[in-house]
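A.B. asks:
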Amino acid sequence: MGRPKQFERCEVTNKALLVFWQKGFLDTSLKDLEEATGVFKPALYSEFGDKVGLFLECMKYYRENYAKERLLKRDPPGWSNIEAFLKPDIFKNCEKSCFDIDVFSRDLPILERELGKPMGNGIDHIPPMIKINLEAAGVAHDKLDTLTSTIFIFYCGLSVVAKAQTNEQLINLAMEFLDSVR
6 MGRPKQFERC EVTNKALLVF WQKGFLDTSL KDLEEATGVF KPALYSEFGD KVGLFLECMK
66 YYRENYAKER LLKRDPPGWS NIEAFLKPDI FKNCEKSCFD IDVFSRDLPI LERELGKPMG
126 NGIDHIPPMI KINLEAAGVA HDKLDTLTST IFIFYCGLSV VAKAQTNEQL INLAMEFLDS
186 VR
C-alpha cells in the first residue's frame, strides 16, 4: 500500500506556477519545482505524470485563478472592464506579466515538441471579449475591429514591459493609452 499524499494539489500547482512564470518551462528544473513546492519528484510525477503534465495543470490553474481576461466578463460590459483588464495591479504575489503571453512567446515550440501536438496560441479568446466590451461602450461599428486589435496588441506589449516597470508607471501608461482611444 502506498503512502498517503502529504500535500494539497492546488497549493503545489500554485507554487509550481510561480516558478514556471518566472523561469519558463525550459529553464525550470525538477529541482526548482521540488524546492518551491516541498514535494519530491516521485510524488510530483505520481500526481501530475511528468513536468509537462504539471505545467499544463499550472496553465489551467492560472486561467481559473489569475487570468485577467475574466475581468472582461464582468457585468455590465464596457470601458470599465477594459480599464481593469489593462491595469497591472491585479497581480498580487506573482509576476506582473501575463502567464499565457509569456508561455506562448517563450515556450510554445518546446511544449509542442514535448507534447507532440500543436497547442494553439492560447490567447485567441481575448480579442472577442474586448470587442464585446467595446460594443457595449458604444464604439462605432466601423472602428470595432481596429480598436479591438489595438487594445489587444497594447495588452500584449504591456505584459512584456511589465517585468521592467513599476505598477505605477504601467497604470499611468495604460490610462494614457485608454484616454487616447476613447
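Numbering-wise (this note's numbering), the sequence shown opens with residue 6 and increments by one.
We put the CB at the ideal spot given by N, CA and C, even for glycine.
Given the structure is predicted, the values throughout are model-derived calculations rather than measurements.
Is Thr155 helix, strand or coil when you go by DSSP?
C.D. replies: Locating residue 155 in the sequence shown gives position 150, counting from the first residue. Thr155: helix per DSSP, three-state reduction.
A.B. asks: What does a CB cutoff of less than 8 Å around Asp105 pick up in its chain, not counting 5 residues either side in sequence?
C.D. replies: For the purposes of this step, residue 105 is taken as residue 100 along the sequence shown, with counting starting at 1. Here the set comprises Met64, Tyr67, Arg68, Ala72, Gly127, Ile128.
A.B. asks: Quick check on Ala169: buried or exposed, where buried means 16 or more other Cβ atoms within 10 Å of its Cβ?
C.D. replies: As a working note, residue 169 is residue 164 in the sequence shown. Result: exposed.
A.B. asks: Leaving out five residues before and five after Gly29 in sequence, what residues of the same chain have Cβ atoms less than 6 Å from its Cβ?
C.D. replies: For the purposes of this step, residue 29 is identified with residue 24 of the sequence shown, where counting begins at 1. Closer than 6 Å at Cβ, skipping near neighbours: Arg111, Asp112.
A.B. asks: I'd like the list of long-range same chain contacts for Ala141, defined as Cβ closer than 7 Å, with 5 residues on each side in sequence excluded.
C.D. replies: Position 136 of the sequence shown, counting from 1, holds the residue named residue 141. The answer, listed in chain order, is Pro81, Pro82, Gly83.
A.B. asks: Starting from the C-beta of Thr18, find all residues in its chain whose C-beta is less than 8 Å away, skip the five residues before and the five after it, and write them out in chain order.
C.D. replies: Locating residue 18 in the sequence shown gives position 13, where the first residue counts as 1. Taken in chain order, the residues that qualify are Leu59, Glu62, Cys63, Tyr66.
A.B. asks: My assumption, with CB atoms under 8 Å, is that Leu152 sits in contact with Val186. Please give the rounded CB distance.
C.D. replies: As a position in the sequence shown, residue 152 is number 147, starting the count at 1. As a position in the sequence shown, residue 186 is number 181, starting the count at 1. 6 Å between Cβ atoms; contact.
A.B. asks: Just to confirm my understanding: we take Asn86, look at its own chain, exclude 5 residues before and 5 after, and list those with CB closer than 7 Å. What are they?
C.D. replies: Taking the first residue of the sequence shown as 1, we reach residue 86 at position 81. The residues are Leu76, Leu77, Arg79, Asn138.
A.B. asks: Please list the segments of the alpha helix (DSSP H) lying wholly inside the segment 43–107, counting only runs of 4 or more residues, in order along the chain.
C.D. replies: Here the runs fully enclosed are 46–53, 56–70, 84–91.
A.B. asks: Taking just the CA atoms, how far does Glu119 sit from Lys46?
C.D. replies: Taking the first residue of the sequence shown as position 1, residue 46 is located at position 41. Taking the first residue of the sequence shown as position 1, residue 119 is located at position 114. Looking at the two C-alpha atoms, the distance is approximately 19 Å.
A.B. asks: Check each candidate in Lys56, Ile131, Ala145 and name the one with the smallest Cα separation from Leu116.
C.D. replies: Start at 1 with the first residue of the sequence shown, and residue 116 comes out as number 111. Nearest of Lys56, Ile131, Ala145 to Leu116, Cα basis: Lys56.
A.B. asks: Check His130 in the structure and name its three-state DSSP category.
C.D. replies: Taking the sequence shown and counting its residues from 1, one reaches residue 130 at position 125. Of the three classes helix, strand and coil, the one that applies to His130 here is coil, per DSSP.
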